[in-house]
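See below for the structure under consideration.
In full-length UniProt numbering, the protein residues as written are 1 to 886.
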């Protein structure tokens, strides 16, 4: 080593020597990999067994390593970076987290950071080593230094004699290439290599598969498995065991108390919290697979929901109409009975006999209407149901049910194994590293425990276990992770909240309404140490997150505790029907304070519920029952009276006769224009429909105002201009309609599922459009012929051709209102018997008998963006079709 003042300085991290030991940790992995725990690292107490899971050794994850020397009663600390490199800290009590390498020395050797270079005090007596994901404070260090029993439970002992004559047992082995090759990070890549089989942050893979024919939907059950690991691998160690041994031999020098040369060691450290977190990550993988399934088959799931919604709405609408028609038929029998059936008050003074008759009439009317409604309910969806492929729907439901069963089975096994770890002495012991009043320790406990408990509520096994802890209503036991987490594992908070938890236990299962005075007395402990501790914790959490730990940032922005605990605390199986009981109010107040709501506001909300809850509910029910029927009847009567007076007058009669039809046509034209604007998709067809609706509205408006202009301006260009605008707009609208209907005819003719009845309908519509266009063109030519400057031979010839008797009769017939109404009725009848837009959507949808090509198998849609686009298109078409039906 060059120590010349003029040469490069030695690296303080990697160019040091002393007793060298390489720490590794126990980790959980899916069974069937090429690695397992070697014989020398077998734990004294066997690890919990889980179906489909095994254990192995791998490099340390991000955190800290602490070493205690018995010979001089001193501590040393190292910070572990994300890649597993070990960074010596100036002092153990003030160790700082390390995310990645920040050494700038030119002679830096990262291989040397794979090991610990200990003090020579390790050769003079036993040393104790432990890994922890979060920093140990002074109180924790003092406790393990002074309590030999606690130290023995938490830390791994390396006895002084093992440095010279290691026995490769008791979780300590002599470092060699063979020993390192049993550690996952050093293994050679292969099909069963953990690094490749269980990657860090793996890409999302599609699980579901679709086909255009039976079985339509399927999946590979073997792909429903753990997807990746929660912590990154130390990739630079792969196949580099020999390089690491060389570095250890160069730096791991020294002699023991008898001047005998030492060897280099490998030590296996417990990481119960890391295993629990990894199992939680495996559960998240399963949850993500389910979420991915819903996204991959989003069009299918949406179609199922929309079909169910349409079926319910149509059946209820048809049922209501049938009941109304039946009631109307009964109500028309007698005038007095009509009022009775419709719900109006009985006329005062009616004799008892007549009252009985009317009551019987009402009863029979209601029974008949209910029967008619039920009959309609059973048949109203049949015409839509006929266009659906029920075999495909059943296959979809069966495949999804099978997938959910596989997920549920995997999740139950995972949660059973995780619960076994959460109940283990090793996890409880490591979580108690942070049993103190320090706000940093409080948050470290939450980070350790909360994610270990995350999503246990999703399975029956996990939910029952959480409920068993909740029902204890005590944080005295270190094993009650639920209440310890809520009380931050803070001894002062736990002591003060004992009375509060006793109040919860006494009120558990009671349904009577809470007394305000009793509630205020029971909720008082929340205002003490708990509020103070959470105020400090929330203040610390509100500060900008340090970039030193990716896992800590993930826990900071994803509070899994509230979602997991909240589901169990506020589950309907635990809450009574009355939400203003003592237990419910105390629980809600606790969670409000835990979530950051001030104590005063939390109490005020609960007290307000006690005082005003019943009155509020009564008022809400009254508002819901109020229908406003009487006011609507009065308003309708007044409108009818005013309208009759106007219609009977001379002015009203003349106006109504002249404008009723045209105003009605104008109204519908305007409504059509508005609908086209709202339903426009932005394509050329939508623009053409908007233009046609606008031009039709303009043409009708000019026809209405033309008499006024003609009578008001007898000499001038006014009447001609108005008529020119009207006829031009009418001609243009007719031409646009002709083009659109011709396009529909062409589309239906060229369709793979040609429907001849719709071909005939479109032929008729094209003929009517042509007649209207020619009639409008004739009107336009008449206007143009009156202008001397435009009157020419060509214009005259066209006018004469349209005025010819045969042509005029054909055009007049096609453009007559009788033909238009007839075509409209034919279209409605065809739609009724052969299908409307909703029937077409059902038939050509993903579950239809004649699905669109791209919906035969949604697999072919490929990436998420095209799938989302088709999702939006299907939803839009459904809404338009359902709106037309309803």
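For each residue, glycine too, the CB sits at the ideal point set by N, CA and C.
No experiment lies behind these values; they were computed from the predicted model shown.
For residue i, the nearest candidate out of the options (CA to CA)
i: residue 32; options: 18, 67, 500, 56; result: 56
i: residue 46; options: 170, 133, 129, 23; result: 170
i: residue 225; options: 561, 207, 299; result: 207
i: residue 588; options: 536, 173, 156, 486; result: 486
i: residue 89; options: 98, 83, 78, 82; result: 78
i: residue 503; options: 883, 94, 590; result: 590
i: residue 839; options: 253, 383, 94, 326; result: 383
i: residue 385; options: 842, 880, 478; result: 842
i: residue 70; options: 484, 314, 156, 43; result: 156
i: residue 48; options: 413, 368, 214; result: 413
i: residue 447; options: 257, 561, 479; result: 561
i: residue 258; options: 464, 124, 221; result: 124
i: residue 59; options: 85, 490, 68; result: 85
i: residue 242; options: 161, 176, 301; result: 176
i: residue 846; options: 459, 298, 237; result: 298
i: residue 462; options: 197, 417, 445, 873; result: 417
i: residue 134; options: 449, 183, 261, 24; result: 449
i: residue 536; options: 255, 66, 437, 495; result: 437
i: residue 249; options: 263, 237, 120; result: 263
i: residue 322; options: 367, 305, 304; result: 367
i: residue 876; options: 255, 245, 306, 217; result: 306
i: residue 37; options: 497, 395, 267, 441; result: 267
i: residue 510; options: 584, 492, 480; result: 584
i: residue 179; options: 865, 39, 522, 440; result: 39
i: residue 533; options: 288, 599, 96, 479; result: 599
i: residue 878; options: 303, 140, 16; result: 303
i: residue 200; options: 61, 736, 120; result: 61
i: residue 75; options: 289, 324, 593, 127; result: 127
Unbroken alpha helix (DSSP H) run spanning residue i, endpoints
i: residue 194; result: 194-197
i: residue 406; result: 390-422
i: residue 425; result: 425-431
i: residue 888; result: What the structure shows of the chain is the stretch from 1 to 886, and residue 888 is not part of that stretch, so it cannot be assessed.
i: residue 562; result: 560-569
i: residue 844; result: 837-844
i: residue 33; result: Premise fails: residue 33 is in no alpha helix (DSSP H) and is neither H nor E.
i: residue 531; result: 529-541
i: residue 146; result: 138-146
Beta strand (DSSP E) segment containing residue i, residue limits
i: residue 28; result: 20-30
i: residue 859; result: Careful: residue 859 lies outside any beta strand (DSSP E) and carries neither H nor E.
i: residue 156; result: 156-158
Sheet register partners of residue i (DSSP bridge)
i: residue 584; result: Answer by DSSP bridge pairing: none, since residue 584 is not bridged.
i: residue 848; result: 388
i: residue 50; result: 53
i: residue 876; result: In the DSSP output, where bridge partners are listed per residue, residue 876 has none listed.
i: residue 296; result: Residue 296 is not bridged to any residue.
i: residue 169; result: 172
Integer Cβ distance of residue i from residue j, believed to fall under 8 Å
i: residue 286; j: residue 411; result: 5 Å
i: residue 516; j: residue 610; result: 5 Å
i: residue 269; j: residue 129; result: 6 Å
i: residue 457; j: residue 564; result: 5 Å
i: residue 111; j: residue 20; result: Actually they do not touch by this definition, with Cβ atoms about 12 Å apart.
heavy atom of the ligand ZN below 7 Å from residue i C-beta
i: residue 278; result: Among the components of this structure there are no ligands whatsoever, and the ligand ZN is therefore not found.
What are the uninterrupted segments assigned as beta strand (DSSP E) that are 3 or more residues long and contained completely in the region 172-229, given in chain order?
172-174, 208-210, 217-219
If you scan the region 58-135 from start to end, which runs of the beta strand (DSSP E) of 3 or more residues do you find wholly inside it?
63-69, 74-80, 86-88, 127-132
Of all the alpha helix (DSSP H) runs that stay within the bounds of the region 454-515, which reach a length of 4 or more residues?
460-470, 481-486, 491-496, 498-507
Within the region 223-289, note down every full alpha helix (DSSP H) run reaching 4 residues or more, in order along the chain.
241-251
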